[in-house]
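K.L.:
Protein chains in written order, with the numbering used here: chain W, 39 to 335; chain F, 39 to 335.
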């Protein structure tokens, strides 16, 4: 990875990780629900790229906002993302025993603790935004409206429902898969970019452009994920490779083959880069967009 | 039940049920995530007393607010409560096959659909409040802050974590049980009353009194639940009786016996009624408080 991108990514990742610690640093030694906090922290602290917080911070910056203005939203999106990973890994869902190179939450704790840790990480984002001391009430409401609708039935949760049901379908085409991915992966990436704009007080036009950019990026991101599941190694990826094929999952690779899938990701990335021209100081976002397409992990 | 209470309760219940329908009436016939909406509606439409929305509406009224001002918060609390029922019933949690006289969500649908329907009903409340057209941004933020913290690790979800872990404990005393109940059941009852005050634009003093009242009511409510599990019938209760004993659960009845438990509920109810003296037009709330103590279902 380009060293400049790496250091900026690390700077943002450290910022969000410090804040995540702050929001979960309660002294619960004497409280009987301590296991719940432990399970939440276990999943939040697992190493990750923190892409969504990076997008929140960076869209806030390119729209002229301060980094602190984006702090609550950056934490909120990482919590909501972590909630979705915990619940998706449950035996009743994707039944994955590993996540980010470590045992999944329900393996490290119990299924009950994993369900509840996910539940709390689905709700805490709204508490954090509502209780933030920097943002105006109008900004908070706009953030919560966008975050909640992106997480919901027309967003991430709806996408996961489709993904679960697709397991028993044999008639999935590129359109179905694109719709599913735009919800399951795309919606949280979109709200990351849009929330960054909201934190900075950008106008609706900028937020709409951010949403369009994110739509392209999110889909390209998923296609690259599908490719890596076939071409990467467990060490590089931090999770088992070949799991899509093992689970007989329909992916962009099974539908299109690796070459066409990579071509689709290339095209989406070009379109995403073009939209970025509408933003000033976009050098990092351009590099990041290229980096996400060519990543090996 | 007193006919006046009954008709007021029914009026409020109809109001919240109409609004719940409105929020879930989307035409999803052609969308692949339709099962998720079906599972949500199935659980939301199950017959229930709708106590929490009634408290939202009524505290809004006694604080001088209009019924429409409380509509979003009343729906939000019922959704959040329904989310908790769906997840609590899961095999990994309390493993209950019946709820409100019908198969639990995960029995009527799948476990995956139940997890996701609960997830969506944990998040939709915040979307509904954020997108409400009547409330000011300041009121929305206050509602979301109170609702989210009441649902979280120091509230309902924390209480459920303790409840799950208590199953393997043999050293639970009245203090432990009271703490658990104040979180698991009490927190949502508290936020119902407090949100009613916020919707009406009441001051902090009134909201604090509402919270104190709710603390007493919530605990009394749980004690009566424990008593009914021993003394009621499946038909009256709409769920299996004797399930606490069957699961070897520590309850106020197992710790105190029926007579002392009833005495404790009586005392809490008296204290709750006294707090109600601080509110005008409190006739319905007084009747409701007495009714909840002497209920048979």
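For every residue, glycine included, the Cβ atom is placed at its ideal position computed from N, Cα and C.
(1) What separation, rounded to the nearest whole angstrom, lies between the Cα atoms of residue 344 of chain F and residue 140 of chain F?
(2) Which of helix, strand or coil does DSSP assign to residue 164 of chain F?
(3) Under 8 Å between C-beta atoms, does residue 124 of chain F make it to chain W?
(4) Can you find a CB in chain W that lies within less than 8 Å of the CB of residue 157 of chain F?
(5) Going by Cα to Cα distance, which pick from F/45, F/119, F/262 is closest to residue 330 of chain F?
(6) Strictly by DSSP, which residues pair up with residue 137 of chain F?
(7) Could you name the residues of chain W that residue 164 of chain F contacts, counting a contact when the two beta carbons are closer than 7 Å?
(8) Indicate the three-state DSSP secondary structure (helix, strand or coil) for residue 285 of chain F in the structure shown.
(9) With a threshold of 8 Å between beta-carbons, can residue 176 of chain W be considered close to chain F, or not?
(10) How about residue 164 of chain F and residue 186 of chain W: do their beta carbons lie closer than 8 Å?
(11) Quick check on the burial criterion: 16 or more other C-beta atoms within 10 angstroms. Buried or exposed for residue 296 of chain W?
(12) Which residues in the same chain have their Cβ closer than 7 Å to the Cβ of residue 84 of chain F, if we skip the five residues on either side of it in sequence?
(13) On a CA-only basis, which of W/219, W/101, W/203, W/285 is nearest residue 7 of chain W? Give me that one, please.
(14) CA-CA distance, residue 109 of chain W and residue 46 of chain W?
(15) Express the C-alpha separation of residue 200 of chain W and residue 193 of chain W in angstroms, rounding to a whole number.
(16) In its own chain, which residues sit with a C-beta less than 6 Å from the C-beta of residue 237 of chain F, not counting the 5 before and 5 after it?
(17) Considering only the alpha carbon of each residue, which of F/302, F/53, F/60 lies closest to residue 92 of chain F?
(18) For the region 109-124 of chain W, list every residue whose C-beta sits within 9 Å of some C-beta in chain F, in sequence order.
(19) For the alpha helix (DSSP H) that residue 220 of chain W lies in, which residues bound it at each end?
(20) With residue 178 of chain F and residue 168 of chain F assumed to form a contact (beta carbons below 8 Å), what rounded beta-carbon distance in angstroms separates them?
(21) If I follow the unbroken alpha helix (DSSP H) through residue 322 of chain W, where does it start and stop?
(22) Measuring only the C-alpha atoms, how far is residue 117 of chain W from residue 75 of chain W?
(23) Between the region 151-165 of chain W and the region 121-133 of chain W, do at least 3 Cβ pairs fall closer than 8 Å?
(24) Round the Cβ separation of residue 251 of chain W and residue 313 of chain W to the nearest angstrom and send it over; I've been treating them as touching at under 8 Å.
(25) Along the alpha helix (DSSP H) that carries residue 254 of chain W, what are the first and last residues, could you check?
(26) Could you tell me whether any Cβ in chain W is nearer than 8 Å to the Cβ of residue 245 of chain F?
(27) Would you list, in chain order, the members of the region 253-266 of chain F that have their beta-carbon closer than 8 Å to a beta-carbon of chain W?
(28) Curious, which full-length beta strand (DSSP E) runs of at least 3 residues does the region 49-115 of chain W contain?
(29) Does the beta-carbon of residue 174 of chain F have 16 or more other beta-carbons within 10 angstroms, so that it is buried, or is it exposed?
(30) For the alpha helix (DSSP H) that residue 315 of chain W lies in, which residues bound it at each end?
(31) Keeping to the same chain, check which residues put their C-beta closer than 7 Å to that of residue 86 of chain W; ignore five residues upstream and five downstream.
(32) Return the residues of the region 56-81 of chain W that lie within a Cβ-Cβ distance of less than 7 Å from chain F, sorted by chain order.
(33) When burial is assigned at 16 or more other CB atoms within 10 Å of the CB, is residue 56 of chain F buried or exposed?
(34) Please report the distance separating the alpha-carbon of residue 142 of chain F from that of residue 230 of chain W.
(35) Could you name the residues of chain F that residue 203 of chain W contacts, counting a contact when the two beta carbons are closer than 7 Å?
(36) Which class does residue 169 of chain W belong to by DSSP, given the choice of helix, strand or coil?
P.N.:
Put simply:
(1) Since the displayed chain F opens at 39 and closes at 335, residue 344 of chain F lies outside it and no answer follows.
(2) helix
(3) no
(4) yes
(5) F/262
(6) F/140
(7) 164, 182, 186
(8) coil
(9) yes
(10) yes
(11) exposed
(12) 137, 138, 140
(13) Residue 7 of chain W is absent from the structure shown; chain W starts at 39 and stops at 335.
(14) 15 Å
(15) 11 Å
(16) 98, 103, 107, 108, 111
(17) F/53
(18) 118, 121, 122
(19) Residue 220 of chain W -> no alpha helix (DSSP H), and no H or E assigned at all.
(20) 6 Å
(21) 321-332
(22) 13 Å
(23) yes
(24) 4 Å
(25) 242-269
(26) no
(27) none
(28) none
(29) exposed
(30) Per DSSP, residue 315 of chain W belongs to no alpha helix (DSSP H) and is neither H nor E.
(31) 138
(32) 70, 71, 73, 74, 75
(33) exposed
(34) 35 Å
(35) 70, 73
(36) coil
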